[in-house]
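Engineer: In our numbering, the protein residues as written are -6 to 187. The C-beta atom is built at its ideal place from N, Cα and C for all residues, glycine as well.
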Amino acid sequence: MSNPADDRGAAGPAALVATASQTIGPYWALIEHPEWANLLRADGPNAGYDQGERITLTGRITDGDGLPAADAVVELWQADPRGDHEAGFHGYGRSGCDAEGRFSFTTVKPGPVKGRGNATQAPHATLTLFARGLMTQVVTRLYFAGEALNETDPVLNAVPAERRGTLLALPVGGGVWNLDIRLQGDNEPVFLEV
């Protein structure tokens, strides 16, 4: 049996060949719990919750080429209608995207949240996105268009004015709000370092 290190031939040591870079594994796979997208489901942690305005948050995730991110997952973190994160409302949900990159959450509209130095933050939800091709998750916020506190929200106002619209969910009607998110390129939202 020959030793590969000895197979050098007359030209000297075997040439080192560079290999293509690859995303490290294991590769992305969604752990399916579609019921987690409904924060108000009868068998969930908010069963019987009847405060605030019931809403649906929808959107579409696309990649840098504008193609649907069909395997993306969106996690939502939000306060209750009073702006509290710890007062009996379980403000976490997860939605997988369909073949067109669409996600949807059933929840209640969050209220204003107290921030650092008692600055009031506009009602918002924090969105964490996971998808094939991302080495780590990305985080952004969803604000509600037309909300008066958007004008003074410390995080939203740290975003350049020309990019703030990428964080504003628009009313569609019937309690539905929509925010489309492009992961790269034109109209990419501001992603936050957390």
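Check whether the region 70 to 79 touches the region 101 to 117, taking contact to mean three or more Cβ pairs, one atom from each stretch, closer than 8 Å.
Structural biologist: Yes, they touch.
Engineer: Within the same chain, show all residues whose beta-carbon is closer than 7 Å to that of M(-6), passing over the 5 residues directly before and after it, in chain order.
Structural biologist: Any reading at M(-6) must be qualified, since the residue scores a pLDDT of 49, below 50, and its modelled position is unreliable; the value itself is stated next. Counting only Cβ-Cβ distances below 7 Å, and skipping sequence neighbours, we find nothing.
Engineer: Helix, strand or coil for D0 per DSSP?
Structural biologist: At D0, the pLDDT of 48 sits below 50, so the modelled position is not reliable and the matter cannot be decided from this model.
Engineer: Would G57 and Q130 be called neighbours here (beta carbons separated by less than 8 Å)?
Structural biologist: Not in contact: G57 and Q130 (Cβ atoms no closer than 8 Å).
Engineer: So the candidates are R125, A162 and I174; which of them puts its Cα closest to the Cα of E140?
Structural biologist: With distances taken between Cα atoms, E140 lies closest to A162.
Engineer: Which same chain residues end up closer than 6 Å to P38 when comparing Cβ atoms and leaving out the 5 residues on each side of it in sequence?
Structural biologist: Hits under 6 Å: H83.
Engineer: If you reduce the DSSP assignment to three classes, tell me which class M(-6) lands in.
Structural biologist: In this prediction, M(-6) scores a pLDDT of 49, lower than 50, which makes its location untrustworthy; no coordinate-derived value is stated.
Engineer: Given 7 Å as the limit, tell me if T99 has its C-beta closer than that to any heavy atom belonging to the ligand NAD.
Structural biologist: This structure lacks the ligand NAD; in fact it carries no ligand of any kind.
Engineer: Does T99 come out as helix, strand or coil in the three-state DSSP assignment?
Structural biologist: Strand.
Engineer: Spell out a yes or no on whether the region 81 to 101 and the region 140 to 149 are touching, meaning 3 or more CB-CB pairs, one atom from each, closer than 8 Å.
Structural biologist: The region 81 to 101, when compared against the region 140 to 149, does not touch it at the 8 Å Cβ threshold.
Engineer: Which of helix, strand or coil does DSSP assign to E68?
Structural biologist: Residue state, collapsed to three classes: strand.
Engineer: For R175, count neighbouring C-beta atoms within 10 Å of its own C-beta (all shown protein chains included) and say buried if the count is 16 or more, exposed if not.
Structural biologist: Under this definition R175 is a buried residue.
Engineer: Can you grab the Cα-Cα spacing for the pair P(-3) / A124, in whole Å?
Structural biologist: Because the pLDDT at P(-3) is just 47, under 50, the model does not fix this residue reliably, and the point stays unresolved.
Engineer: So, using beta-carbon positions, are F184 and T121 closer together than 8 Å?
Structural biologist: For F184 and T121, no; Cβs fall outside 8 Å.
Engineer: By the 10 Å Cβ neighbour count, where 16 or more other Cβ atoms means buried, how is P164 classified, buried or exposed?
Structural biologist: Label assigned to P164: exposed.
Engineer: Take the Cβ of P153 as the centre, count every other Cβ of all protein chains shown within 10 Å, and call the residue buried at 16 or more, exposed below.
Structural biologist: By the neighbour-count rule (16 or more Cβ atoms within 10 Å), P153 is not buried but exposed.
Engineer: Check for me: the beta strand (DSSP E) holding F137 runs from which residue to which?
Structural biologist: Where F137 is concerned, the enclosing beta strand (DSSP E) stretches over V131 to F137.
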